[in-house]
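With mature numbering (1 follows the signal peptide of the UniProt record, and there is no 0) applied, the sequence shown covers -27 to -1, 1 to 224.
Input: a single structure, listed below in structure tokens.
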Amino acid sequence: MYSWYQNRCFPAAVTLYACTLLFSAKAVSETPQIAVYQLTGLINQQQTGSYNKVLSRIQSLGVNFTLQYSPIVRAKHNFNHQLADCIAPSDEDGTIFNFPTIQSLPFNYAMAYIFTRHDDAIISDLQALKGKKVGVRTGMRFSAEFEQMRNSGYFEVEPVRDLALNYRKLIAKRIDAFAAYTPDIWNLLNSKELAKLHYDASQSMQKHPERIVCHATLSNQAFIKQFNLALQQLKQQGELKQLLGLSYSLD
């Protein structure tokens, strides 16, 4: 009986152990796929955005990863359903996901504001949005208070596919206001266009760290550790500020 067990089960155990080692080695050596979505002047497939430059520079320092470009809703879907290892930049804190995540150090900060036309009143309090038509980019999240108001119907949401359309609708008086992040909007509009907008610079509804958020796996932990070391090097040498240019907001 023992001989049968030894002959039948011991090889199986060895095979299982070997497969486990092989799988673990493969997981550690895999190159992370990072889901990204277009942010004007920050990330694009032409690799000309400020964040593109930072990510490319970090790759040149020996940190391996690939970027998976898609619309924002698809990028979030891919990350949530493990079709991508990570997402960047995440507009959601890693703690809100219903699965374990790990995050990189911030490589920049995004600030969210409510923008109105220059000839309208500045909106400093979200309560002032009651009954108004507010443009919001599809798939983009903002502060908890804003999201609660959005979901409760406190204001009317006008979904748009990109920030540029928000601006055009506002100027054409088809919406009353729109929510947007900086530095995104600084990269989209020129000085004449920005002069047509109002916002309260002292009343950001959210200050959000721009990070890479990944599924909490051993291989992703190793990747995030490498990424953070490279990022710290760029910060200490002043290179990060140069790469981000006008988009830089870490200070």
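Ideal placement from N, C-alpha and C gives every residue a C-beta, glycine not left out.
Please read these numbers as outputs of a predicted model, since none were measured by experiment.
Q.
Which residue marks the beginning of the alpha helix (DSSP H) containing ALA48, and which one marks its end?
A. In the sequence shown, counting from the first residue as 1, residue 48 sits at position 75. From DSSP, the alpha helix (DSSP H) with ALA48 extends over 45 to 53.
Q. Alpha carbon to alpha carbon, what distance is there between THR4 and SER177?
A. On the sequence shown, residue 177 is found 204 positions in, with the first residue counted as 1. On the sequence shown, residue 4 is found 31 positions in, with the first residue counted as 1. Going from the Cα of SER177 to the Cα of THR4 covers about 37 Å.
Q) Using 8 Å as the Cβ pair cut-off and three pairs as the minimum, do the stretch 187 to 200 and the stretch 105 to 122 touch? A) no
Q: Using a Cβ-Cβ cut-off of 7 Å, state whether HIS181 counts as contacting chain D.
A: No chain D is present in this structure, which holds just one protein chain.
Q) In its own chain, which residues sit with a C-beta less than 8 Å from the C-beta of HIS91, not counting the 5 before and 5 after it? A) As a first step, residue 91 must be located in the sequence shown, where it is residue number 118. So the list reads ALA168, LYS169, LEU170, HIS171, once near-sequence residues are dropped.
Q: Over the uninterrupted alpha helix (DSSP H) stretch that includes LYS214, give me the two end residues.
A: Indexing the sequence shown from 1 puts residue 214 at position 241. Its alpha helix (DSSP H) spans residues 212 to 217.
**Q.** N- and C-terminal bounds of the beta strand (DSSP E) containing GLU131
**A.** Residue mapping note: residue 131 aligns to position 158 of the sequence shown, counting from 1. First-last of the beta strand (DSSP E) with GLU131: 129 to 133.
Q: Would you be able to state if there are at least three C-beta pairs under 8 Å between the stretch 151 to 167 and the stretch 42 to 54?
A: no
Q. Could you give the distance in angstroms between the alpha-carbon of GLY14 and the alpha-carbon of GLY22?
A. Within the sequence shown, residue 14 is the residue found at index 41, counting from 1. Within the sequence shown, residue 22 is the residue found at index 49, counting from 1. The straight-line gap from Cα to Cα measures roughly 5 Å.
Q: Give me the Cβ distance between SER220 and ASN81, rounded to the nearest whole Å; I'm assuming they're in contact under 8 Å.
A: Reading the sequence shown from its first residue, position 247 is the one you call residue 220. Reading the sequence shown from its first residue, position 108 is the one you call residue 81. Sure, about 7 Å apart at Cβ, within 8 Å.
Q. By a C-beta neighbour count over all protein chains shown, 10 Å radius and 16 as the cutoff for buried, is THR114 buried or exposed?
A. Here residue 114 refers to the residue found at position 141 when the sequence shown is read from its first residue. Rather than Thr, the amino acid found at residue 114 in this sequence is Arg. Burial call: buried.
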